[in-house]
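Residue numbers (our numbering), protein chains in the order written: chain G, 1 to 318; chain P, 319 to 636. Glycine residues also receive a C-beta, built at the ideal position from the N, C-alpha and C atoms. Let me begin by presenting the structure, written as structure tokens, before commenting on it.
Spelled out as structure tokens, the structure:
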């Protein structure tokens, strides 16, 4: 029996929809404003300037969380996944709507812990939950959250230039040993980097360097990487894990070399304790590299000039 | 075997994530703009003025559509459910993000038809699909769409006043015989009504009059209804179905009596062929009615003054 449905005396089906909605308001507390700003009408009515960014992410039992993860952390993770996307644009969060897919057997106390975890994260990052949707399922337990945000200079993918240096925050690999749920989205770091004019392109690492680094690189380029510099999460973490594990939720970006020459990393170190590592630089694509299209730029070992063969990062639907 | 997974040679698992993303862009066509305005970066970057409304709705196999419904209609229905919510605020649509929960056995041609149906509806109502999220599931097939919108005067629920007349568009009940999928969201009608200053409060009827009409009424009021006026969908449709069936997607609103005295219904008839019916009026809550809180206002038979007993509308999670 899964923890999320282990209390038949406490099942959602005993509450009904109106009871559940009333509980949700209580559990969310101050992060759920009353209508018209919040849930309770056909749509939420937003204040002016709620943002120029929009992103959506899901969280599914058996995929993004399991029975071992406390529901409070699962609820927080749903929001933090979206916040990490905003961070990678240099944005700050606005408001969110929540969709829940719930079997009638869902334990009300499990759901309360999940929603309270979400609410606590929302309070921490000042996100109002302004609307939502509840759908009854046969057995599937999942959630989706859509988040607005605002960035004065959104930092896009795919905009690296030849000669740029490649940087990554924090450490990589082995995320499933806790980090996938306890990570802190790099919102402050992302906003700080977006204000540095030499920072050119950025992404959050969620599917491994092998997939996410090529997303920064135009087709005519490649990345030459210093493997000895890779910031691995644990002493037992292998370089391959940094390339193929998912859920690092770290920021990967390129910057004009003028940024480090001008003391960018030193300014970073006074602003954040988060580690910052130079992984390598953007070089011309080797003439013999196969197909040139976005997302296929080769990753090379800077020492040998040879292609790395760690695999393509996390592949969904395979 | 369900139609959505009846072609093992055509399963999603043969495409993989990148293949699926490329197909999705093709299927969506012009309604999916390139990044940064559209999908392909960490978040979508929206144009200014994308809206002050935000709403989310889901569509789940076995609940909101079944194996008999052509996938094109299911895809369109996902968007139209959200558009109906905007219509009930008097809003016009902005942009949307799509979350899909897909088992690996999903047939690619089924999914193509679903997405093309969604894209055609998006083109009709000028909605750009600017982002999304794909999640692999074991067996669950479901979707969520979050939509922005804009209304200069959002028409809220719960704002009816004593003496207001109650009106409904179209016909009610028996929605499962086709209307639940073929309905046209009342966007034009909703925007027109929002521009009429005497229109006070509005909702879209999705859970039956029994549940949605009380949502317009403050606790100290009740609705006195002329049952003989109920616009029933078919000759075989019963009044009880208008009160308890769901998915009418019609607009229910109250207006100051000055609206009809001033020729509002006649102006409506020149603007729309959509039927408009006066259901009754807002009266004081009877002294003997139980608990007075939002959403519990009694519905009375205007002829007898007695409470109607059709049941509370569609109840989820029961």
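In the DSSP secondary-structure assignment, residue 221(G) is bridged to 284(G). Against chain G, a Cβ distance below 7 Å from residue 357(P) picks out nothing, because the smallest value is about 10 Å. It is roughly 9 Å from the alpha-carbon of residue 200(G) to the alpha-carbon of residue 157(G).
Selection 186(G), 150(G), 94(G) evaluated against residue 38(G) yields 94(G) as nearest (Cα-Cα). Using a CB distance cut-off of 7 Å, residue 472(P) counts as an interface residue toward chain G. Bounds of any alpha helix (DSSP H) do not take in residue 590(P), whose DSSP letter is neither H nor E. Chain P places no beta carbon closer than 7 Å to that of residue 297(G), leaving this residue out of the contacts. Considering only beta carbons, the part of the segment 509-522 of chain P lying closer than 7 Å to chain G consists of 521, 522, in chain order.
For the segment 330-373 of chain P, the full-length alpha helix (DSSP H) segments reaching 4 residues or more read 334-346 along the chain. Contact between residue 309(G) and residue 164(G) is absent: CB atoms are separated by about 24 Å, not below the 8 Å threshold. The contact set of residue 133(G) on chain P, defined by CB atoms closer than 8 Å, consists of 374, 375, 376, 462 in chain order. Put simply, the backbone Cα of residue 451(P) is about 10 Å away from that of residue 462(P). In terms of Cα proximity to residue 464(P), the closest of 202(G), 42(G), 160(G), 76(G) is 42(G).
The shortest CA-to-CA distance from residue 383(P) to any of 568(P), 454(P), 493(P) is the one to 493(P). Here residue 215(G) is near residue 295(G), since their CB atoms are less than 7 Å apart. Residue range 517-523 is occupied by the beta strand (DSSP E) that includes residue 522(P), with no alpha helix (DSSP H) assigned at that position.
By the neighbour-count criterion, in which a residue is buried when 16 or more other Cβ atoms sit within 10 angstroms of its Cβ, residue 340(P) is exposed. From the listed residues 172(G), 75(G), 58(G), the smallest Cα separation to residue 449(P) is found for 58(G). With 16 or more other Cβ atoms from the protein chains shown falling within 10 Å of its own Cβ, residue 407(P) counts as buried. Annotation for residue 512(P): 408, 471, 473 place their beta carbon closer than 6 Å to its own, counting only its chain and skipping 5 residues before and after. For residue 36(G), at least one C-beta of chain P is nearer than 7 Å to its own C-beta. What residue 410(P) touches in chain G, judged by beta-carbon distance under 8 Å, is nothing: the nearest beta carbon there is about 12 Å away. When C-beta distances to chain P are compared with 8 Å, the residues of the segment 99-111 of chain G below that value are 99, 101, 102, 104, in chain order. Three or more beta-carbon pairs drawn from the segment 413-425 of chain P and the segment 325-340 of chain P are found closer than 8 Å, and the two stretches are therefore classed as touching.
Annotation for residue 254(G): the continuous beta strand (DSSP E) segment containing it runs 250-255. Taking CB atoms only, residue 360(P) has a neighbour in chain G less than 7 Å away.
For residue 464(P), the enclosing beta strand (DSSP E) starts and ends at 460-468. Linking residue 578(P) to residue 418(P) through their CA atoms gives a straight-line distance of about 45 Å.
When the alpha-carbon of residue 248(G) is set against those of 172(G), 15(G), 284(G), 74(G), the nearest one is in 172(G). By DSSP's assignment, residue 456(P) forms no beta bridge with any residue. Under the DSSP assignment, residue 99(G) falls in the beta strand (DSSP E) whose first and last residues are 92-102. In the DSSP assignment, residue 301(G) falls within the beta strand (DSSP E) that extends over 299-301. The beta carbon of residue 371(P) sits closer than 7 Å to some beta carbon of chain G. Residue 184(G) carries a coil assignment under DSSP once its states are collapsed to helix, strand and coil. Nearest CB-CB separation between residue 24(G) and chain P: not below the 7 Å threshold. For residue 288(G), the closest C-alpha among the options 307(G), 301(G), 277(G) is that of 307(G).
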